[in-house]
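In this note's numbering, the protein residues as written are 3 to 189. Heads up, the beta-carbon is just placed ideally off N, CA and C, and yes, glycines get one too.
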Amino acid sequence: AGFGMVLKEASGSRGRLSRKVTSYQKEGEAYELELKSQPSSELQWKVTYSELPDEARILLVNSLSGEAFLMEEEETYEMKSAESLSLFTMYAGDVSELEEIRQSLLPGHIELQPNYPNPFNPSTTISYALPEDMQVEVQVFDILGRLVATPVSTRQKAGRHQLLFDGSNLASGVYFYRLQAGNKLLS
3 AGFGMVLKEA
13 SGSRGRLSRK
23 VTSYQKEGEA
33 YELELKSQPS
43 SELQWKVTYS
53 ELPDEARILL
63 VNSLSGEAFL
73 MEEEETYEMK
83 SAESLSLFTM
93 YAGDVSELEE
103 IRQSLLPGHI
113 ELQPNYPNPF
123 NPSTTISYAL
133 PEDMQVEVQV
143 FDILGRLVAT
153 PVSTRQKAGR
163 HQLLFDGSNL
173 ASGVYFYRLQ
183 AGNKLLS
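In structure tokens form, the structure reads like this:
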């Protein structure tokens, strides 16, 4: 019995990819997965199961951001790589067990982390965490307080999120960002 995860580039990206196929040992087993790519690469992945119990699933957790994906067989997932090396922990088990693991990873409150690198040229990563599903807006302002970008304005799932902000179209200078999540405003 086993499972495999195949990672591939989305059209037009130049990422180098890692592939890991391993054996399903026991429920709740954790495996490390390394993904190498060019920063800002658009990546896709899909899970295929072979000879696993019907209730078995895969939970993929970004080891740096904490973002978690409960992956369904043959469903395609997409992400934009913020770093050249992303580390994931992959859990195999039944849905209820994996949901329990995912819930234990959720933050207790809304969090906004410092961007990195800072200063940046031309892109930076903005990380934030949501304790529940909610409407989210991330806005970027110049030193005079003028809105220059709204890279996120959508409803997002609970968990940790990373945004790769591309400021290549902005003049050199100092910029601030603000997260509005639910009725909270953080900067």
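If you check the beta carbons only, do residue i and residue j fall under 8 Å apart?
i: L114; j: L172; result: no
i: R59; j: P109; result: no
i: S129; j: E139; result: no
i: Y179; j: D144; result: no
If you follow the beta strand (DSSP E) that residue i is in, where does it begin and where does it stop?
i: Q141; result: M136 to D144
i: K186; result: K186 to L188
i: Q158; result: L149 to Q158
i: D168; result: G161 to D168
i: N64; result: A58 to N64
i: Q182; result: Y177 to A183
i: I128; result: S125 to L132
Considering only DSSP beta bridges, list what residue i is partnered with.
i: I103; result: Looking at the DSSP assignment, I103 forms no beta bridge with any residue, so it has no partner.
i: E77; result: DSSP lists no partner for E77.
i: F71; result: L62
i: L114; result: Y130
Counting only the same chain and skipping the five closest in sequence on each side, list residues whose C-beta sits under 8 Å from that of residue i.
i: N64; result: A70, S88, L89, F90, R162 and Q164
i: N120; result: T126
i: G68; result: L107, P109, A131, G161 and R162
Take residue i and list the residues in its own chain whose beta-carbon comes closer than 7 Å to its own, dropping the five residues that flank it on each side.
i: F167; result: S125, T126, I128, V142 and P153
i: H111; result: P133
i: E57; result: D96 and V97
i: Y118; result: T126 and T127
i: G175; result: D144 and I145
i: A160; result: L108, L132, P133, E134 and D135
Could you pull out every residue in the same chain whose Cβ sits closer than 6 Å to the Cβ of residue i, ignoring the five residues on either side in sequence?
i: A131; result: P109, E113 and R162
i: G184; result: M136
i: L181; result: L114, Y130, V140 and L188
i: Q27; result: Bear in mind that the predicted position of Q27 carries a pLDDT of just 49, short of 50, making it unreliable; the figure below should be weighed with that in mind. Hits under 6 Å: none found.
*Cβ contact (3+ pairs, closer than 8 Å) linking the region 120-129 and the region 94-107*: no
Under 8 Å, with one C-beta from each stretch per pair, do the region 139-155 and the region 58-75 reach the 3-pair mark? no
Checklist entry - Are the region 168-186 and the region 89-99 in contact at 8 Å, needing three or more beta carbon pairs? => result no
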